[in-house]
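Participant: Just dropping this structure here.
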């Protein structure tokens, strides 16, 4: 990832201790420091892993990501191009962590409505490509005076350099379960946005102003884009800590339980995508506040050794358990996918069949 400025980041050690991530993956060649894969190539590799025969006759490809490799064309079209599949419906979902879940929902509803018989959804991130030190050089060079007082970039940017990493996952969806082995039946995909109540918390391609509004990249002069590292990913850490549990855990779970969409006692596995180990107990407290007490003995996460891979995270968790032999027919799985961008969330209810 490289070092920003004349001395190592003072936030790095604190953040790594808090997030409890001890191993992660970057699509970076350790010798040349260049990228080994684009985001689209990573997503395509995940799709190929489903099996050549399985993807030969797809009706639909839906891809979600936080940071595509380019502004245009859309990410899913680039994945389609990498795969060189036959012509088919291709859709890209925008967002941050939630984009992988919305991709899954589009694929699910397309099959449920009869619009498609066979679909693939993906979540993928190549966060390292935009978080290496060289992307902050212009900002550092342009702030020599400020660096005499603070020898690192703003914490809002440095924070995410030690939180995010690279990964991709893919799901195959069909009308019927596998003839051999287990399948996961989608019971419900529930999502909510609370952008009407809260301002942006995680953002890129803009700056957050004092009134909470965002000033987009097109409003800046060309030299300002580099000097202010407008395209770096930033996090309002204070707002995150104040609101993420209430708005992505407690409120949506209260609504789901009021609508009797599931019962906490019937859940055998809970797969939470939290960005940091710091939030684990806070998520549990938020669940209990909503009346949804799923004991932590039923939880599974691979965050410590797979890292926070954004929209790919819950794909990577489900894939590991699916292929571990631990799932038993009849078990129910609840996945939690929050997004701090402007506070939205999804809960995905699955059954092993």
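Residue numbers (the working numbering): 15 to 367.
Glycine included, C-beta positions come from ideal geometry on N, C-alpha and C.
Since we're looking at a predicted model, the values are computed, not measured.
#1: Which same chain residues end up closer than 6 Å to residue 119 when comparing Cβ atoms and leaving out the 5 residues on each side of it in sequence?
#2: Measuring alpha carbon to alpha carbon, tell me which of 141, 193 and 195 ends up nearest residue 176.
#3: If you follow the alpha helix (DSSP H) that residue 329 is in, where does it begin and where does it stop?
#4: Beta-carbon within less than 8 Å of residue 109's beta-carbon, same chain only, minus the 5 sequence neighbours each way: which residues are those?
#5: Is it right to say residue 244 is buried, meaning 16 or more other beta carbons lie within 10 angstroms of its own, or is it exposed?
#6: Decide yes or no for the touch test of the stretch 181-189 against the stretch 47-57: beta carbon pairs closer than 8 Å, at least 3 of them.
#7: Could you please give the first and the last residue of the uninterrupted alpha helix (DSSP H) stretch that includes residue 229?
#8: From which residue to which residue does the alpha helix (DSSP H) around residue 123 run?
#9: Do you know how far the Cα of residue 64 is from the Cα of residue 132?
#10: Would you mind listing the alpha helix (DSSP H) stretches within the stretch 55-123 that are 4+ residues and don't spill past its ends, in chain order?
#11: Since residue 350 is in the beta strand (DSSP E), which residue starts that stretch and which ends it?
#12: Take every Cβ of the stretch 250-267, pair it with every Cβ of the stretch 299-310, and state whether three or more of those distances are shorter than 8 Å.
#13: By DSSP's criteria, residue 249 is part of a beta bridge. Which residues make up the other side?
#14: Mind reading off the beta-carbon distance from residue 127 to residue 360? Whole number of angstroms is fine, and I expect it under 8 Å.
#15: Please name the residue or residues paired with residue 286 in a DSSP beta bridge.
#16: Excluding the 5 residues flanking residue 174 on each side, which residues of the same chain have their C-beta closer than 6 Å to its C-beta?
#17: Per DSSP, which one or two residues make a beta bridge with residue 368?
#18: Would you kindly work out how many angstroms separate the C-alpha atoms of residue 234 and residue 220, rounded to a whole number?
#19: With a cut-off of 8 Å on the beta carbons, I'd call residue 341 and residue 366 a contact; round off their distance for me.
#20: Please state whether DSSP places residue 273 in a helix, a strand or coil.
#21: Pick out whichever of 178, 22 and 123 has its Cα sitting closest to the Cα of residue 188.
#22: Taking the continuous alpha helix (DSSP H) assigned at residue 241, which residues delimit it?
#23: Run through DSSP, which three-state label would residue 322 get?
#24: Using DSSP with H/G/I as helix, E/B as strand and the rest coil, what is residue 293?
#25: For the beta strand (DSSP E) holding residue 179, just list the boundary residues, first then last.
#26: Using only the alpha-carbon positions, how far apart do residue 279 and residue 285 sit?
#27: Which same chain residues end up closer than 6 Å to residue 15 when comparing Cβ atoms and leaving out the 5 residues on each side of it in sequence?
#28: Between which two residues does the alpha helix (DSSP H) containing residue 131 stretch?
#29: How many Å lie between residue 34 and residue 339 at the Cα?
#30: For residue 199, report the span of its alpha helix (DSSP H) as first-last.
#31: In angstroms, rounded to a whole number, what distance separates the CA positions of residue 98 and residue 228?
#32: Please classify residue 195 as buried or exposed, where buried requires at least 16 neighbouring CB atoms within 10 angstroms.
#33: Candidates 89, 257 and 112: which alpha carbon is nearest residue 369's?
#34: Quick one: Cα of residue 214 to Cα of residue 290, how far?
#35: Could you check the C-alpha separation between residue 137 and residue 76 for me, to the nearest Å?
#36: Please name the residue, chosen from 256, 90, 114 and 82, that lies closest to residue 74 on a Cα-to-Cα basis.
Facilitator: This is what the structure holds:
#1: Counting only residues of its own chain and dropping the five nearest sequence neighbours on each side, residue 119 has a CB closer than 6 Å to the CB of 203.
#2: Checked all of 141, 193 and 195; the closest Cα to residue 176 is 141.
#3: Here the alpha helix (DSSP H) through residue 329 covers 327-336.
#4: Excluding five sequence positions before and after residue 109, the CB atoms of its chain that fall closer than 8 Å to its own CB belong to 78, 80, 116, 325, 353, 355 and 358, given in chain order.
#5: Only buried fits residue 244, as 16 or more other CB atoms lie within 10 angstroms of its CB.
#6: Result yes; three or more Cβ-Cβ pairs closer than 8 Å.
#7: Segment 228-230 is the beta strand (DSSP E) holding residue 229; no alpha helix (DSSP H) there.
#8: Residue 123 -> alpha helix (DSSP H) spans 113-126.
#9: If you take the alpha carbons of residue 132 and residue 64, they lie about 13 Å apart.
#10: For the alpha helix (DSSP H) assignment, the uninterrupted runs of no fewer than 4 residues enclosed by the stretch 55-123 are, from N- to C-terminal side, 66-69 and 89-97.
#11: Where residue 350 is concerned, the enclosing beta strand (DSSP E) stretches over 346-353.
#12: Touching, yes, given that three or more Cβ pairs across the two stretches are closer than 8 Å.
#13: According to DSSP, which records beta bridges pairwise, residue 249 is partnered with 216.
#14: Incorrect: roughly 19 Å between the Cβ atoms, too far for contact.
#15: Residue 286 is bridged to 350.
#16: Non-local C-beta neighbours of residue 174 in its own chain, meaning closer than 6 Å and more than five positions away in sequence, comprise 247 and 249, ordered along the chain.
#17: Outside the displayed range of the chain (15 to 367) lies residue 368, so it cannot be described from this structure.
#18: Their backbone Cα atoms lie some 9 Å apart in a straight line.
#19: Confirmed, about 5 Å.
#20: If DSSP states are grouped into helix, strand and coil, residue 273 belongs with coil.
#21: Closest by alpha carbon: 123.
#22: That run of the alpha helix (DSSP H) goes 236-241.
#23: Correct three-state label for residue 322: strand.
#24: In this structure, residue 293 counts as helix in the three-state DSSP scheme.
#25: Counting along the chain, residue 179 falls outside any beta strand (DSSP E), and DSSP gives it neither H nor E.
#26: Straight-line measurement puts the Cα of residue 285 at about 15 Å from the Cα of residue 279.
#27: The answer, listed in chain order, is 146.
#28: Counted as a single uninterrupted DSSP element, the stretch harbouring residue 131 is not any alpha helix (DSSP H), since DSSP gives it neither H nor E.
#29: Going from the Cα of residue 34 to the Cα of residue 339 covers about 26 Å.
#30: Following the DSSP letters along the chain, one finds residue 199 in no alpha helix (DSSP H) but inside the beta strand (DSSP E) bounded by residues 198-207.
#31: Using only the alpha carbons, I get a separation of about 38 Å.
#32: That one is exposed.
#33: In the structure as shown, the chain starts at 15 and stops at 367, and residue 369 therefore has no counterpart that could be examined.
#34: Distance between the alpha carbons of residue 214 and residue 290: 19 Å.
#35: Rounded to the nearest angstrom, the two C-alpha atoms are 9 Å apart.
#36: Among 256, 90, 114 and 82, the Cα nearest to that of residue 74 is on 90.
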